[in-house]
Each structure stands twice: as structure tokens, then as C-alpha cells.
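The sequence shown begins at 541 in my numbering and counts up one residue at a time.
Every residue, glycine too, gets a C-beta built ideally from N, C-alpha and C.
Everything numeric in this text was worked out from a predicted model, so none of it was measured.
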Amino acid sequence: MKIRVLGSAAGGGFPQWNCNCPMCDGQRKGTINAQARTQSSIAVSQDGIRWVVLNASPDILTQIKHFPALQPGRAIRDTGIASVVLMDAQIDHTTGLLMLREGKILELYCTEPVHDDLSVTNPLLKLLTHYCEPRWHRIGFRPEDVFSPIGAEDLEFSPIPVSGKAPPYSSHRDDPHEGDNLGLSIRDKRTGKTVFYAPGLVQIDDKVEAAWQSADCLLVDGTCWTDDEMAQRGIAHKLARQMGHLPQSGPGGMMEQLARFPDKRRVLIHINNTNPILDEDSQERAQLTAAGIEVAYDGMEIEL
Ligand SMILES: [Zn+2]
Ligand SMILES: [Zn+2]
């Protein structure tokens with residue numbers, strides 16, 4: 541299977557339009573060695589022709605522009621995007637759907653709570669029906685609820701429930717439902733190779749642990765380096781963990797977790813613009829490199 545990182549930054553992108561933290565400011569001024577990144581999304585394909593997009597980023601048009609495989613010219617109106625899978629209902633993972641409104645049929649896979657959020661409190665899917673035909677495919681939230689989205693019949697997607705909250709606008713923001721947030725194990729039936737993808741991951745529970753054990757590549761939450769990164773920068777009071785993201789450093793952090801799997805390919809994605817690992821010359825980045833952990837960038841390709 542082919543995996544293409546369309547966007548590797550967390551919500552807001554990098555640099556974020558209104559942010560003057562040392563990373564955003566340094567990137568704009570060229571005083572740090574860091575490349576700009578769009579908001580988080582990946583695409584997977586079994587044949588390099590038809591692609592399944594995982595989460596629809598507000599930057600999807602830029603991402604399509606930079607990835608010709610998504611814009612083939614077989615008909616007067618055409619796309620390489622066969623279907624879209626949503627892993628939650630967050631703004632930075634769903635507003636890209638609006639940009640796809642010129643398409644005829646939008647084959648969309650998500651859980652019932654995510655569909656509810658996008659139909660009631662944030663009626664994005666209803667809005668879309670005035671432009672195209674969103675076709676909802678309900679997916680479960682247990683590892684055994686395996687599905688193969690349109691365009692990826694040889695790939696088995698297994699939903700892994702991950703703890704976290706529904707989006708701030710959700711009617712059940714403070715009443716978490718199973719299915720609000722997913723990780724995905726994607727297995728190529730032809731080769732048996734598996735990638736585990738979770739842009740939001742705060743806890744390695746038994747289900748996540750089992751998914752990690754059986755994966756060849758872990759493409760996981762790289763939002764924050766420290767738990768209090770946002771507070772340190774004077775941006776927000778919330779801790780990374782409270783926002784559903786396990787920080788990389790410190791006891792029990794993502795680096796420590798990933799260190800248990802030295803033989804797997806390990807890549808951080810969904811990097812927040814405050815994260816010092818964006819600076820390729822930072823000592824934090826050097827720690828990752830020494831630990832054999834990669835940092836995703838826009839346009840990164842992984843073949844399994
Ligand atoms: Zn996000
Ligand atoms: Zn910033």
C-alpha cells in the first residue's frame with residue numbers, strides 16, 4: 541500500500557496565520573530550519589490510482605494541487621479521491637469536505653456520533669447535499685468492525701477506539717461517546733503489511749497496544765513536545781493531555797512508548813506549530829532522530 545502525507549501539522553497549520561510563537565515567527569522569518577506544513581490529513585492507496593483520504597483538512601485544495609495523483613484527467617470532471625474516511629468530527633479534520641462540493645458523489649465513512657455532530661450541531665453534511673451527494677457509510681468503532689472503503693478493496697480498515705473528546709461544538713462535548721475518536725489499523729490483504737494511524741492519541745490502552753503490536757508502521761500523534769507547551773508560550777491553559785494528545789517527552793510520553801518498538805517504522809504526525817521538533821536543528825529533534833523516530837512532512841511517502 542502507498543501512504544501519502546497530505547498535511548502533517550495540527551489544527552492551524554504551520555506557521556499558523558495569527559501566531560507569533562518562536563516556531564511560527566522563526567519559520568516566517570527564516571531564522572529557524574523548519575518547513576511549512578498544512579493541516580493534518582493522509583491518503584492511502586492500493587494501486588496508486590484510487591486514493592482514500594483520511595480526514596478532510598481545510599487545506600485540501602492546496603494538498604490536491606501538490607499531489608498530481610489526486611487530479612487525474614480521465615474525464616471532464618475527475619478525481620483520484622475514491623472516498624473519504626473521518627476519524628472524528630473536529631473542524632481541522634472535516635471542513636475540507638466543503639471544498640469537495642463540486643464532486644458528484646462523496647463516499648464518506650464515519651461513525652454514528654461523528655455523523656450526528658456533522659448533521660445537527662454543525663450541519664455540514666446537510667449543507668453539502670445542496671451541492672453534491674454525500675453518501676454516508678456507517679462504520680463501527682471496534683477492531684472487529686473491519687471495512688474496506690470504495691477504491692481500496694484490498695485494504696482492511698480496522699477502527700481502534702481512542703479516548704478523547706468530541707469537538708468543542710458537539711452537543712456531547714462533556715459526555716464522551718465511543719466512536720467520537722478513532723485510530724485506524726490499515727492492513728494490505730495482499731502483503732499483510734499494516735499501518736496504524738492516529739493523529740489524536742492520548743492513551744495506549746489494551747486495544748491500541750494490540751494494534752501497535754501487529755503494525756509494521758506507527759504513524760501517530762506528534763502534537764506537543766511537553767504537556768504544558770501551550771501554557772509555556774502563553775497561548776492556552778490547557779494541557780496537551782486534556783486536549784487528547786500524549787506529549788512526546790517526559791515519563792510515559794510518546795517517545796517512551798515508541799521506544800518499546802525499535803523494529804517498527806515510527807513517524808510522528810499532526811505536529812502543533814508550537815512544537816520545537818519542527819526546528820530540524822533543535823535538540824528536541826535530535827533526541828527523536830537518536831531514538832529512530834521520524835517527523836512527518838507534507839509530501840512524505842511511505843510504501844508498505
Ligand atoms: Zn487535528
Ligand atoms: Zn505558533
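Could you tell me which residues DSSP puts in a beta bridge with residue i?
i, result
"Val-735", "Ile-726 and Cys-757"
"Arg-825", "Its beta-bridge partners do not exist; DSSP assigns none."
"Trp-591", "Ile-621"
"Val-677", "First, the residue type needs correcting, since residue 677 is His and not Val in the sequence shown. Beta-bridge pairing links His-677 to Tyr-649."
"Glu-696", "Arg-727"
"Gly-793", "DSSP output for Gly-793 lists no bridge partner at all."
"Ile-811", "Ala-549"
"Ile-833", "Arg-806"
"Glu-585", "It should be pointed out that residue 585 corresponds to Ser in this sequence rather than to Glu. DSSP output for Ser-585 lists Lys-542 as bridge partner(s)."
"Glu-749", "Glu-749 pairs with nothing; no bridge assigned."
"Arg-577", "Phe-554"
"Pro-701", "Leu-722"
Select from the options the residue whose C-alpha is nearest the C-alpha of residue i.
i, options, result
"Gly-588", "Lys-542, Arg-727, Leu-779 and Gly-784", "Lys-542"
"Ile-621", "Ile-582, Ser-659, Thr-651 and Asp-632", "Ile-582"
"Arg-805", "Ser-789, Val-748, Glu-749 and Ile-842", "Ile-842"
"Ala-609", "Asp-803, Arg-590, Asn-573 and Asp-768", "Arg-590"
"Ser-754", "Leu-779, Gly-839, Met-770 and Arg-727", "Arg-727"
"Asn-663", "Ile-679, Ile-631 and Glu-647", "Checking the sequence shown, residue 663 turns out to be Pro, not Asn. Closest by alpha carbon: Ile-631."
"Asp-756", "Glu-642, Ser-580 and Phe-801", "Phe-801"
"Gly-732", "Leu-695, Gly-784 and Gly-691", "Leu-695"
"Ala-549", "Gln-579, Pro-689 and Trp-765", "Gln-579"
"Asp-803", "Gly-774, Trp-752 and Ala-836", "Trp-752"
- Please write down, chain order preserved, every residue whose beta carbon lies under 6 Å from a heavy atom of ligand 1. Ala-550, Gly-551, Ser-580, Gln-630, Asp-632, His-633, Pro-739 and His-810
- At least three beta-carbon pairs within less than 8 Å, the stretch 698 to 710 to the stretch 806 to 814: Between the stretch 698 to 710 and the stretch 806 to 814 there are fewer than three inter-stretch CB-CB distances shorter than 8 Å, so the stretches are not counted as touching.
- the stretch 714 to 726 in contact with the stretch 644 to 657 per 3-pair CB rule at 8 Å: yes
- Item | Given 8 Å, three or more beta-carbon pairs between the stretch 555 to 575 and the stretch 612 to 620 | no
- Message: I want to know whether the stretch 744 to 754 touches the stretch 629 to 643 - three or more CB-CB distances under 8 Å.
- Response: no
- Message: Under 8 Å, with one C-beta from each stretch per pair, do the stretch 678 to 698 and the stretch 641 to 655 reach the 3-pair mark?
- Response: yes
- Cβ contact check for the stretch 828 to 842 and the stretch 784 to 799: 3 or more pairs under 8 Å: yes
- Pairing CB atoms from the stretch 734 to 743 with CB atoms from the stretch 706 to 718, are three or more of them under 8 Å? no
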